[in-house]
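Peer 1:
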Amino acid sequence: MPGAIFAEGLVKTFGDVRALDGVDLDVPEGTVLGLLGPNGAGKTTAVRVLTTLIKPDRGTAVVAGIDVLKKPNEVRRHIGLSGQFAAVDEYLTGRENLRMVGQLYQMSARDAKARAGELLERFHLTDAADRTAKTYSGGMRRRLDLAAALVVSPPVMFMDEPTTGLDPRNRQQLWEVIQELVAGGTTLLLTTQYLEEADHLAHDIAVVDHGKVIARGTSDQLKARTGGERVEVVVHERGHIALADEVLRGFGKGASKVEEHTRMVTVPVSGGAKLLAEVIRELDARGIEIDDIGLRRPTLDDVFISLTGHAAEAEAEPEAEPGDREDRQARERKETAS
Ligand SMILES: Nc1ncnc2c1ncn2[C@@H]1O[C@H](COP(=O)(O)OP(=O)(O)OP(=O)(O)O)[C@@H](O)[C@H]1O
Ligand SMILES: [Mg+2]
Numbered sequence: 001m002p003g004a005i006f007a008e009g010l011v012k013t014f015g016d017v018r019a020l021d022g023v024d025l026d027v028p029e030g031t032v033l034g035l036l037g038p039n040g041a042g043k044t045t046a047v048r049v050l051t052t053l054i055k056p057d058r059g060t061a062v063v064a065g066i067d068v069l070k071k072p073n074e075v076r077r078h079i080g081l082s083g084q085f086a087a088v089d090e091y092l093t094g095r096e097n098l099r100m101v102g103q104l105y106q107m108s109a110r111d112a113k114a115r116a117g118e119l120l121e122r123f124h125l126t127d128a129a130d131r132t133a134k135t136y137s138g139g140m141r142r143r144l145d146l147a148a149a150l151v152v153s154p155p156v157m158f159m160d161e162p163t164t165g166l167d168p169r170n171r172q173q174l175w176e177v178i179q180e181l182v183a184g185g186t187t188l189l190l191t192t193q194y195l196e197e198a199d200h201l202a203h204d205i206a207v208v209d210h211g212k213v214i215a216r217g218t219s220d221q222l223k224a225r226t227g228g229e230r231v232e233v234v235v236h237e238r239g240h241i242a243l244a245d246e247v248l249r250g251f252g253k254g255a256s257k258v259e260e261h262t263r264m265v266t267v268p269v270s271g272g273a274k275l276l277a278e279v280i281r282e283l284d285a286r287g288i289e290i291d292d293i294g295l296r297r298p299t300l301d302d303v304f305i306s307l308t309g310h311a312a313e314a315e316a317e318p319e320a321e322p323g324d325r326e327d328r329q330a331r332e333r334k335e336t337a338s
């Protein structure tokens, strides 16, 4: 049985760009799928197709059991969306923005008011609630936008880079809100550039590049696929780097790596903690003083780099001009409204 979000063979082209080149997704009910991928990979396009904002050229999508292409209006009644670029109405206050959403979803004025108050509290916006959103900082807008997406707790939520631009405390709090939502049965598709976020929140991860899902699995599965553990040693004296490298190569099962400026030598290994103890004894026997040693598992960053050939945030496309963003926001609002 397809999950709460199901897509098969989605293709979407913009001129020469194949933004989606045959994307399949399946998100079981009550779980979180993290969509990762470099800038321009097609994440936002996938979200926009699944949330009925644009039509794919090919493929099928079913959200909350409803066909996205055949019944977009009905799909909209079952989903919540927080887009990559916060879509709040600048000329309304925070409170008015949230009440408006409630009323759009046919809540009574009284319920909409109560819900707005709750969400403002939860997203730490109470003090700014009665100021127009155009006076809000970037992080405040982002929080208001997320609050707006949660006015009616829909069974399926889409969040496109929900914590971009949030400070660490607000990011942590949003994670808690998301975890509560999911514990309550919500299905969530989340895109993020913060691999730690995917690691923390997502049951399953799909890595997208050039419009295709290039890897899929739990965080642990992806890490295991990237290669096993490695030993990392930081020697105390620069003069001991070469010797430490020689020792590590003796234990390694691949090429070692030396980082002169941090005095760090790394080598892939297998054998776990027992091997680590042997490495320490050998370094000691050779009189190499160490500042730090550890057995490291690959991080999701390593997975990302090995799969896509570059780091998550580095090597970005040129930032969209502010004008582009506004155009895009306006377009999204218009498309949502129609
Ligand atoms: N409306 C559009 N018109 C033309 N090209 C578009 C449009 N929307 C997206 N694209 C192109 O499609 C590709 C995928 O874009 P998309 O916004 O889905 O990427 P993304 O994975 O969300 O990237 P980011 O991490 O930067 O948000 C890019 O090459 C982008 O330039
Ligand atoms: Mg995007």
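With full-length UniProt numbering applied, the sequence shown corresponds to residues 1 to 338, in that order.
We put the beta carbon where it would ideally sit given N, CA and C, even for glycine.
Keep in mind that this is a model prediction, so the values were computed, not measured.
With DSSP as the reference, label K134 as helix, strand or coil.
Peer 2: The answer is helix: DSSP assigns K134 an H, G or I state.
Peer 1: What residues match up with F14 in a beta bridge as DSSP calls it?
Peer 2: Bridge partners of F14: V17.
Peer 1: Any chance the CB of K12 is under 7 angstroms from a heavy atom of ligand 2?
Peer 2: False, no ligand heavy atom lies under 7 angstroms from that Cβ.
Peer 1: Is T135 near ligand 2, with its Cβ less than 7 angstroms from a heavy atom?
Peer 2: T135 Cβ: outside cutoff for every heavy atom of ligand 2.
Peer 1: Identify every residue that forms a DSSP beta bridge with K257.
Peer 2: In DSSP, K257 forms a bridge with T266.
Peer 1: Who are the Cβ neighbours of A129 in its own chain at under 6 angstroms, not counting the five residues just before and after it?
Peer 2: Result list for A129: G94, R95 and L120, in chain order.
Peer 1: For A224, I'd like the list of residues in its chain whose CB is within less than 7 angstroms of its CB, leaving aside the five on either flank, ordered along the chain.
Peer 2: Taken in chain order, the list of residues that qualify is empty.
Peer 1: Nearer than 7 angstroms: is that true of the beta carbon of Q172 relative to any heavy atom of ligand 1?
Peer 2: Outside the cutoff, so no.
Peer 1: Report yes or no: do three or more beta-carbon pairs, one from the region 34-45 and one from the region 197-216, lie closer than 8 angstroms?
Peer 2: Short answer: they touch.
Peer 1: Over the uninterrupted alpha helix (DSSP H) stretch that includes S108, give me the two end residues.
Peer 2: S108 -> no alpha helix (DSSP H), and no H or E assigned at all.
Peer 1: Does ligand 1 have a heavy atom nearer than 7 angstroms to the CB of A202?
Peer 2: Outside the cutoff, so no.
Peer 1: Check each residue's C-beta against every heavy atom of ligand 2 and list, in chain order, those closer than 7 angstroms.
Peer 2: Those residues are K43, T44, Q84, D160, E161 and T191, given in chain order.
Peer 1: The beta strand (DSSP E) spanning E246 covers which residue range?
Peer 2: No beta strand (DSSP E) contains E246, which is instead part of the alpha helix (DSSP H) from I241 to F251.
Peer 1: Per DSSP, what are the beta-bridge partners of A206 in this structure?
Peer 2: Answer is L35 and R216.
Peer 1: Starting from the Cα of V265, find the closest Cα among G272, L283, A273 and G271 and give me that residue.
Peer 2: Per the Cα distances, L283.
Peer 1: Please list the segments of the alpha helix (DSSP H) lying wholly inside the region 127-193, counting only runs of 4 or more residues, in order along the chain.
Peer 2: Segments of the alpha helix (DSSP H) lying fully in the region 127-193: 138-149 and 168-183.
Peer 1: V17: beta carbon under 7 angstroms from a heavy atom of ligand 1?
Peer 2: Yes, the Cβ of V17 comes within 7 angstroms of a heavy atom of ligand 1.
Peer 1: Between which two residues does the alpha helix (DSSP H) carrying T60 extend?
Peer 2: No alpha helix (DSSP H) contains T60, which is instead part of the beta strand (DSSP E) from R58 to V63.
Peer 1: Quick check on D292: does DSSP put it in helix, strand or coil?
Peer 2: In this structure, D292 counts as strand in the three-state DSSP scheme.
Peer 1: Which whole-angstrom value is the C-beta distance of L222 and V303, which I expect to be below 8 angstroms?
Peer 2: The Cβ separation is near 5 angstroms, so the contact holds.
Peer 1: Determine the burial state of S82: buried for a count of at least 16 other Cβ atoms within 10 Å of its Cβ, exposed for fewer.
Peer 2: By the 10 Å Cβ count, S82 comes out buried.
Peer 1: Alpha carbon to alpha carbon, how far is Q172 from E259?
Peer 2: Approximately 33 angstroms between the Cα atoms of the pair.
Peer 1: With a threshold of 16 other CB atoms inside 10 Å of the CB of K12, please say whether the residue is buried or exposed.
Peer 2: The residue is buried, with at least 16 neighbouring Cβ atoms inside 10 Å.
Peer 1: With distance defined between alpha-carbon atoms, name the residue in L189, V208, I290 and D209 nearest to G237.
Peer 2: Residue identity differs from the one stated: residue 237 is Glu in this sequence, not Gly. Nearest of L189, V208, I290 and D209 to E237, Cα basis: I290.
Peer 1: Taking the alpha-carbon positions, what's the W175 to I288 distance?
Peer 2: The alpha-carbon atoms of W175 and I288 are separated by roughly 43 angstroms.
Peer 1: Which whole-angstrom value describes the C-beta separation of L307 and A198, a residue pair presumed to lie in contact below a C-beta threshold of 8 angstroms?
Peer 2: Going by Cβ atoms, the distance from L307 to A198 rounds to 13 angstroms, so no, they are not a contact pair.
Peer 1: Cβ of V63 versus every heavy atom of ligand 3: is any distance shorter than 7 angstroms?
Peer 2: No copy of ligand 3 appears in this structure; the ligands present are ligand 1 and ligand 2.
Peer 1: Across which residues does DSSP place G22 in a beta bridge pair?
Peer 2: Bridge partners of G22: none, in fact.
Peer 1: Thinking C-beta only, is M107 closer than 8 angstroms to residue 340?
Peer 2: What is shown of the chain runs 1 to 338, which leaves residue 340 out entirely.
Peer 1: Is G40 near ligand 1 - that is, is its Cβ less than 7 angstroms away from at least one heavy atom of it?
Peer 2: Yes; taking the cut-off as 7 angstroms, the Cβ of G40 has a heavy atom of ligand 1 nearer than that.
Peer 1: Spatial neighbours of Y105 within its chain, please: CB distance less than 7 angstroms, with the 5 preceding and 5 following residues excluded, ordered by chain position.
Peer 2: Cβ neighbours of Y105 beyond the five flanking positions: V151 and V152.
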